[in-house]
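This report concerns only the one structure given below.
In full-length UniProt numbering, the protein residues as written are 1 to 234.
Here it is in structure tokens:
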């Protein structure tokens with residue numbers, strides 16, 4: 001498999017502080033990598049930096065061989081990267097249909113609003129409801145649908161289960177599993193290890209702004225001592 005995302009020696013932070021301290025991470029085309037770590041390890045900062053929402057101090061971010069480190073978010077998006085942000089961040093005053101229409105734009109893409117509705121029929125039923133009239137789970141579905149309408153080669157998923165009840169997490173997991181055959185690569189930041197292990201091919205663990213471990217999910221799960229040492233679980 002070819003590398004879709006190749007991050008080398010990435011350094012970034014806020015107001016002069018360093019959060020990412022030399023991150024290296026490669027994601028193959030179509031692969032799902034769960035980025036795990038304790039709170040404050042730098043996972044969300046990594047996602048924001050790759051997406052162009054935060055300018056790095058140094059390092060390389062290549063998507064499909066194209067250098068994007070320091071590029072603005074709209075340029076990163078045009079290169080086939082989409083984000084499902086933590087907290088959903090849907091447009092509260094707009095309806096489901098309006099949120100999706102804005103994301104779809106005018107350019108013909110393989111993902112259409114109707115295709116999103118087919119993947120998530122609940123959204124179709126709520127298409128006339130405003131963003132602030134949706135449940136947390138429905139807002140998460142809308143955020144996923146909005147990202148898909150960008151026709152991404154790479155999805156950045158930042159805590160998709162955050163604040164959701166277990167039954168709703170199951171619904172989100174089913175939707176994300178349904179994308180496995182679409183060839184979309186993903187970096188999944190997730191505290192719910194059951195969800196992360198269910199969706200990912202590989203695990204990458206971040207500590208203090210660096211990737212300190214990477215392995216296939218099955219191997220990571222089998223080594224409970226390592227999981228406990230890295231994450232405090234197991």
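In this text, a Cβ means the ideal position worked out from N, Cα and C, and glycines have one as well.
Given the structure is predicted, the values throughout are model-derived calculations rather than measurements.
Ranked by Cα distance from residue 21, the options 127, 73, 40, 5 are led by 40. Segment contact: the stretch 179–191 against the stretch 16–33, three or more CB-CB distances shorter than 8 Å; contact assigned.
In the DSSP annotation of this structure, the continuous segment of the alpha helix (DSSP H) that includes residue 51 starts and ends at 43–51.
In chain order, 199 place their CB closer than 6 Å to the CB of residue 176, counting only its own chain and leaving out the 5 sequence neighbours on each side. Residue 202 is bridged by DSSP to 33, 216. Residues 51, 52, 68 of the same chain have their beta carbon placed closer than 7 Å to that of residue 76, with the five preceding and five following residues left out of the count.
About 6 Å separates the beta carbon of residue 80 from that of residue 154, a gap short enough to meet the 8 Å contact definition. CA-CA distance, residue 159 to residue 191, rounds to 7 Å.
One Cα belongs to residue 211, the other to residue 189, and the distance between them is close to 13 Å. Between residue 146 and residue 100, the C-beta gap is smaller than 8 Å, which places the two residues in contact. The beta carbon of residue 141 sits closer than 8 Å to the beta carbons of 120, 122, 123, 171, 172, 175 from its chain, once the five residues preceding and following it are set aside; these are given in chain order.
If you check the CB distance, residue 45 and residue 54 come in under 8 Å.
In summary, residue 17 is exposed, with fewer than 16 beta-carbon neighbours lying within 10 Å of its beta-carbon over all protein chains present.
Distance from the CA atom of residue 223 to the CA atom of residue 208, rounded to whole angstroms, is 22 Å. Nearest Cα to residue 161 within the set 148, 12, 131, 193: 193. The secondary-structure analysis by DSSP pairs residue 95 across a beta bridge with 130. Per the coordinates, the alpha-carbon of residue 126 lies some 25 Å from the alpha-carbon of residue 180. Secondary structure of residue 165 (DSSP, three-state): coil. Nearest in C-alpha terms to residue 23, of all of 42, 33, 150, 98, is 42. Take residue 164, set aside five residues on each side of it, and the residues of its chain with a beta-carbon closer than 6 Å to its own are 136, 137, in chain order.
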